[in-house]
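Novice:
Now the structure itself:
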């Protein structure tokens with residue numbers, strides 16, 4: 003975890019306090035977690051739906067062979 007954090011005093015004190023205050027509700031309120039995780043999962047699902055490229059890890063598989071309903075189809079292209 004040390005790789006992702008700055009040493010104490012390395013950054014702006016205001017930003018460090020803001021980041022700490024932002025993380026506290028998630029750490030101490032398990033009911034808030036779905037409101038953060040689910041929108042991220044929805045965004046990831048929609049991005050998978052809009053791309054024709056296999057973005058999953060492991061051996062590349064064709065559309066329909068990835069076992070993911072949303073990622074196995076491609077969204078409509080808007081007419082412009």
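In our numbering, the protein residues as written are 3 to 82.
Each residue gets a CB set at the ideal place from its N, CA and C atoms; glycine is no exception.
Since the structure is predicted, the reported quantities are computational estimates derived from the model, not experimental observations.
Grouping DSSP H, G and I as helix and E and B as strand, with all else coil, what is residue 76?
Specialist: The residue labelled residue 76 in the question sits at position 74 within the chain shown. Note: residue 76 maps to coil in three-state DSSP.
Novice: Taking the straight line between their C-alpha atoms, what separation do you get for residue 77 and residue 37?
Specialist: The residue you call residue 77 lines up with position 75 of the chain shown. The residue you call residue 37 lines up with position 35 of the chain shown. Straight-line Cα distance between these residues: approximately 25 Å.
Novice: Tell me whether residue 50 is buried or exposed, calling it buried when 16 or more other Cβ atoms sit within 10 Å of its Cβ.
Specialist: As a working mapping, residue 50 is identified with position 48 in the chain shown. The residue is buried, with at least 16 neighbouring Cβ atoms inside 10 Å.
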